[in-house]
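Below is one structure, written out as structure tokens; the observations come after it.
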């Protein structure tokens with residue numbers, strides 16, 4: 001379900017590293033070459049290129065890119081070149097200092113990764129920052145946001161398919177009760193959302209829908225302007241329908257007056273190797289226009305070319 | 001610092017498995033032989049014996065032990081034979097259903113293991129119970145206990161030596177303030193205890209002592225009968241001086257009217273391969289009598305022999 005395309009015959013990491021070096025040292029940077037190489041290598045291949053490059057030129061590839069590129073194009077190339085867990089470490093750390101917008105990024109890292117991957121991010125966070133991820137998040141967030149985000153990020157959810165229907169029924173009732181009372185920060189509601197497996201939560205939300213006539217997110221929509229409730233809604237969606245969640249992030253980032261490049265970049269680079277095809281299908285369904293078209297209309301230059309290369313519009 | 005002793009020439013796992021089988025099938029069980037083998041093999045060796053035994057006799061060694069042994073002796077041999085993370089999975093799961101006594105066991109597993117080990121316990125918990133550890137703990141605990149135990153168990157503490165002294169000073173102040181207000185369940189107090197690295201907490205507690213004239217645990221002692229405060233005190237001790245914490249658990253279990261065999265067994269089997277030598281030194285210092293002597297006086301039969309074999313009294 002990825003949109004990343006890799007050529008049938010991939011050049012060796014040495015060849016790639018040499019061509020990248022050439023793209024940097026010529027008269028002006030050759031952005032086209034950078035895109036044609038990096039945007040068409042998977043994470044293992046990018047890691048090899050980075051390793052070879054460092055050995056050969058005694059400089060981290062990221063450092064060279066940083067010197068040659070600028071603005072949105074620089075950001076997308078740097079973040080894309082990082083290995084996926086390192087990238088999440090960077091995004092999560094940045095998010096701890098960004099308030100409400102950061103809360104959504106943290107939730108996304110907590111809910112749209114596998115348990116094993118999330119744990120690896122926490123391990124890499126140690127190495128990079130000499131602190132733990134939850135330590136920084138707990139330190140920089142407050143109140144209800146902390147109450148939700150810390151357990152989301154520290155959870156190690158069970159990922160098997162087993163579901164307990166009795167529990168789904170009793171916990172759907174708890175959720176309904178707390179939402180009716182507008183007790184959105186109630187510890188039972190948070191406990192259920194942050195500890196149950198995704199399969200179990202799906203069963204609980206289905207039960208909620210069947211028993212109370214509304215989906216849980218419809219009921220949560222009664223308070224649309226509350227930032228915490230909006231984070232709760234995003235959490236439910238990200239856990240149950242990640243592709244719809246990401247479609248919505250893309251839609252908001254593109255439909256805004258002034259594109260939200262950070263969100264656009266983040267979704268494209270974190271999903272291109274995962275489920276971007278499904279997200280594009282959702283986008284087409286919801287907006288009656290292909291994602292590529294809206295990206296083309298809203299962005300420009302090398303940044304646009306990189307985005308289109310990653311979401312799979314080969315003609316661009 | 002372990003007290004476990006392993007012979008200079010360890011028999012092969014096949015020989016051990018055969019001798020254990022003989023101990024089971026003869027006229028009456030040969031408990032002495034079981035002790036002489038299992039109490040003198042490290043966890044990797046016990047795992048090999050268990051594997052060979054299962055292949056040879058088509059029965060799990062634990063099952064055979066379960067059939068042949070009983071009461072406290074059975075419990076200690078079974079728990080000892082399990083691999084260390086599996087054993088914590090068993091103890092943690094049992095603890096979720098045991099109220100106050102269970103809270104202390106859960107805290108101990110959270111605080112007296114390395115971050116990596118604790119994560120492995122959480123992984124093994126998935127395999128064994130098809131649920132996550134935090135899911136069960138959050139489900140079975142309430143109020144303040146849940147507020148403390150879930151983040152303790154889900155933390156992945158940074159384990160490096162780096163310490164931020166400015167932070168130690170500001171967080172010591174927060175702790176002092178909350179304790180003075182008897183706000184023991186305050187989210188800031190819980191955040192500090194559950195997310196900071198052990199090195200950082202040590203610095204914070206030292207700062208507390210230096211600035212306010214009392215150790216944090218002395219200040220927490222003002223409310224000695226409150227179960228939650230007593231769990232907080234135990235947490236601080238277990239994080240900063242695990243050997244003193246375990247000495248105290250042993251002392252309480254032995255000095256009680258009626259020995260607390262579960263606690264005694266738990267400490268002996270979980271520490272014999274880790275730091276039991278240090279714990280014994282603390283015990284001697286605090287009680288002016290060797291641990292072995294008190295164990296001998298308070299226990300009997302095969303259970304006593306197994307305990308003494310594990311804490312390193314070879315003459316017993």
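Protein chains in written order, with the working numbering: chain A, 1 to 316; chain B, 1 to 316. Think of the CB as a built atom: it goes at the ideal place given N, C-alpha and C, for glycine as much as any other residue. Remember, predicted model here, so these are calculated numbers, not experimental data.
Chain A contacts from the stretch 153-175 of chain B (Cβ-Cβ distance under 7 Å): Per Cβ criterion, the list reads 154, 155, 156, 157, 158, 160, 162.
Residue 140 of chain A CB to nearest chain B CB: under 8 Å? No - not a single Cβ of chain B is within 8 Å of the one on residue 140 of chain A.
Does residue 108 of chain A pass the burial test, meaning 16 or more other C-beta atoms within 10 Å, or should it be called exposed? With 16 or more Cβ atoms within 10 Å of its Cβ, residue 108 of chain A is classed as buried.
Start and end residues, alpha helix (DSSP H) containing residue 151 of chain B: 143-154
Which same chain residues end up closer than 6 Å to residue 302 of chain B when comparing Cβ atoms and leaving out the 5 residues on each side of it in sequence? 31, 73
C-beta atoms of residue 149 of chain A and residue 103 of chain A nearer than 8 Å: Going by C-beta atoms, residue 149 of chain A is nearer than 8 Å to residue 103 of chain A.
Run down chain A in chain order and give the residues with a C-beta less than 7 Å from the C-beta of residue 195 of chain B. 132, 134, 135, 138
Starting from residue 222 of chain B, trace the alpha helix (DSSP H) both ways and give me its first and last residue. Premise fails: residue 222 of chain B is in no alpha helix (DSSP H) and is neither H nor E.
Could you spell out where the alpha helix (DSSP H) holding residue 283 of chain B opens and where it closes? 276-287
Spell out a yes or no on whether the stretch 127-134 of chain A and the stretch 157-166 of chain B are touching, meaning 3 or more CB-CB pairs, one atom from each, closer than 8 Å. Of all C-beta pairs linking the stretch 127-134 of chain A to the stretch 157-166 of chain B, three or more are shorter than 8 Å, placing the two stretches in contact.
For residue 36 of chain A versus residue 13 of chain A, is the C-beta spacing smaller than 8 Å? no
Could you please tell me which residues of the stretch 91-119 of chain A, in chain order, have their CB closer than 7 Å to any CB of chain B? 119
Return the CA-CA distance between residue 20 of chain A and residue 295 of chain A, expressed in angstroms with no decimal places. Between the alpha carbons of residue 20 of chain A and residue 295 of chain A lies a gap of roughly 26 Å.
Can you name the residues of chain B whose CB is closer than 7 Å to the CB of residue 150 of chain A? 151
Determine, for residue 40 of chain B, whether the minimum Cβ-Cβ distance to residues of chain A falls below 8 Å. Taking 8 Å as the threshold, the shortest C-beta distance from residue 40 of chain B to chain A does not fall below it.
Burial state of residue 9 of chain A, where buried means 16 or more other Cβ atoms lie within 10 Å: exposed
Select from the stretch 190-218 of chain A all residues with a C-beta closer than 7 Å to any C-beta belonging to chain B, and list them in chain order. 191, 195, 196
Looking at C-alpha atoms only, which residue of A/4, A/221, A/75 is the closest neighbour of residue 182 of chain A? The option with the nearest alpha carbon to residue 182 of chain A is A/221.
Give the residues of chain A in contact with residue 126 of chain B, contact being defined as C-beta atoms less than 7 Å apart. Residues of chain A with a Cβ closer than 7 Å to the Cβ of residue 126 of chain B are, in chain order, 158.
For residue 263 of chain B, which residues of its own chain have a beta-carbon under 6 Å away from its beta-carbon, when the five flanking residues on both sides are left out? 249, 253
Go to residue 60 of chain A, then tell me how far its alpha helix (DSSP H) extends in each direction, as first and last residue. DSSP places residue 60 of chain A in no alpha helix (DSSP H); its state is neither H nor E.
I'd like the list of long-range same chain contacts for residue 200 of chain A, defined as Cβ closer than 6 Å, with 5 residues on each side in sequence excluded. In its chain, beyond the 5 residues on either side, 163 have a beta carbon closer than 6 Å to the beta carbon of residue 200 of chain A.
Buried or exposed for residue 280 of chain A, please, with buried defined as at least 16 other CB atoms from any protein chain shown within 10 angstroms of its CB. Counting every other CB atom within 10 Å of its CB across the protein chains shown gives residue 280 of chain A a total of 16 or more, marking it as buried.
Do residue 117 of chain A and the ligand MN come close, with the Cβ less than 7 Å from some heavy atom? This structure lacks the ligand MN, and indeed carries no ligand of any kind.
CA-to-CA distance, residue 190 of chain A to residue 188 of chain B, given in whole angstroms: Residue 188 of chain B and residue 190 of chain A: Cα-Cα distance of roughly 18 Å.
In angstroms, rounded to a whole number, what distance separates the CA positions of residue 304 of chain B and residue 237 of chain B? 28 Å
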